[in-house]
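This report refers to the structure that appears directly beneath it.
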Amino acid sequence: MKNLLFLTNYENIIPQRITDKESIDINIIRNELEKQNIESDVKTYEALNKEPHIVNDFNFVFYASSQKPKYKEFILDHLINIQSQGIMLIPGIEHFIAHENKSFQTIFLNNRNFNCVNSRVISNYEEGIRYLNEKKLPLVVKTSDGWGSKGVKLIKSRIKFKLFLFQNLKERYHGTKGLGKIVVQEYIQNLEGDWKILIFGNKIAGLYRLNRKNDFRASGSGKFQFKEVPENILNFASEVKEELKVPCCSLDVFETKEGPVLGEFQTLHFGLTTALKCNFHYELKNRIYNKINGPINVDKEIANEIIKIIKNDS
1 MKNLLFLTNY ENIIPQRITD KESIDINIIR NELEKQNIES DVKTYEALNK EPHIVNDFNF
61 VFYASSQKPK YKEFILDHLI NIQSQGIMLI PGIEHFIAHE NKSFQTIFLN NRNFNCVNSR
121 VISNYEEGIR YLNEKKLPLV VKTSDGWGSK GVKLIKSRIK FKLFLFQNLK ERYHGTKGLG
181 KIVVQEYIQN LEGDWKILIF GNKIAGLYRL NRKNDFRASG SGKFQFKEVP ENILNFASEV
241 KEELKVPCCS LDVFETKEGP VLGEFQTLHF GLTTALKCNF HYELKNRIYN KINGPINVDK
301 EIANEIIKII KNDS
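Under full-length UniProt numbering, think of the first position of the sequence shown as 1, with each following residue one higher.
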């Protein structure tokens, strides 16, 4: 019989809901699994510190991530060990690494089949200067980690770009003025905001986020508009979710003259405000988006997606 282990953090939760102190409802998900004759159990990562062999009794693991860098490194140690035992992680380990990791996410997106913002990882000072000489200002620069718009700046002068390189590529070794990792992104002009799209299975919720006052960033602005999502945005978001091969995802989508463009994504440990507070959402059925009143039943949809993954695994 196939079974699944829920791996929770030190508070015995899998964040997040509205805040990172709130968990998805593990009991609801377990009840749905039980209806399909899929056994499950719940353990903390700390329990694995004492008895790492616990995971060997399971075929699948659904797990918590963290926004705390050192604790996230600790979780990664366990996930690598779990994967080495042939146990399937839901979602795959690449999505854990992409969580709050703008460097890996950039590399990952640049090898996918959908439109994303033209971005590049810079790993040393000299490479950054060569990139600067090839591109036109302004440019968006990002530190490699952090959530939301933390560490994101719009650079309009060569001097400030060089200063950003110097401040964030700090490891000095012979032959280079600095090693490290940052992300540089081409600036998309004349955007008033972006779409925050959350997808759980075939259920989609969206809100439009206006930019902050006198700023180019929408993340963290608090200026939300729950309004109907254009069909081209819904189509694009559905294609991205299909390509990512995950139960659920949170997407930042820019609406440009050339069509939708993906800015960033998260597939675990993301806020659920868009899905839980919306007055309506969409259900994709037979290639048609049906408008459904009310919010998404997030926990049940996560359960349905987990069940689908388990049943489709040969």
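Where is the CB? At the ideal position from N, CA and C, for every residue including glycine.
Host alpha helix (DSSP H) of Lys102 (start-end): Lys102 to Leu109
Enumerate in chain order the residues of its own chain whose CB-to-CB distance from Gly193 is below 7 Å, with the five nearest sequence positions on each side excluded. Tyr208, Arg209, Leu210, Asn211 and Ala218
Own chain partners of Glu301 with C-beta closer than 6 Å, once the 5 adjacent residues on each side are dropped: Phe200, Gly201 and Lys203
Is the segment 65 to 75 touching the segment 230 to 237 in the sense that three or more CB pairs, one from each, lie closer than 8 Å? no
Helix, strand or coil: which one does DSSP assign to Asn31? helix
Please state the DSSP three-state secondary structure of Asp145. strand
I'd like to check one pair, Val261 with Val117: are the Cβ atoms closer than 7 Å? yes
Looking at the strands, I want to know which residues DSSP matches up with Val42. Phe6
Can you tell me which residues form a DSSP beta bridge with Pro260? Glu255
Are the segment 83 to 98 and the segment 24 to 37 in contact at 8 Å, needing three or more beta carbon pairs? no
Nearest-angstrom Cβ-Cβ length linking Leu276 and Val246, presumed shorter than 8 Å: The pair is not a contact, with the Cβ atoms about 19 Å apart (cut-off 8 Å).
Hey, how far is the Cα of Glu305 from the Cα of His269? 16 Å
With Thr176 as the anchor, note down where its alpha helix (DSSP H) starts and where it stops. Here Thr176 belongs to no alpha helix (DSSP H); instead the beta strand (DSSP E) covers Thr176 to Glu186.
What first and last residue would you give for the alpha helix (DSSP H) that runs through Ser84? Pro69 to Ser84
Asn168 versus Val141: straight-line alpha-carbon distance, rounded: 11 Å
Would you mind stating whether residue 319 and Gly178 have Cβ atoms separated by less than 7 Å? With the chain covering 1 to 314 only, the question about residue 319 has no answer from this structure.
One question on the structure: do Ser144 and Lys170 come within less than 7 Å of each other, judged by their Cβ atoms? no
Quick one: Cα of Ile309 to Cα of Glu228, how far? 30 Å
So, is Phe104 buried or exposed, given that buried needs 16 or more other C-beta atoms within 10 angstroms? buried
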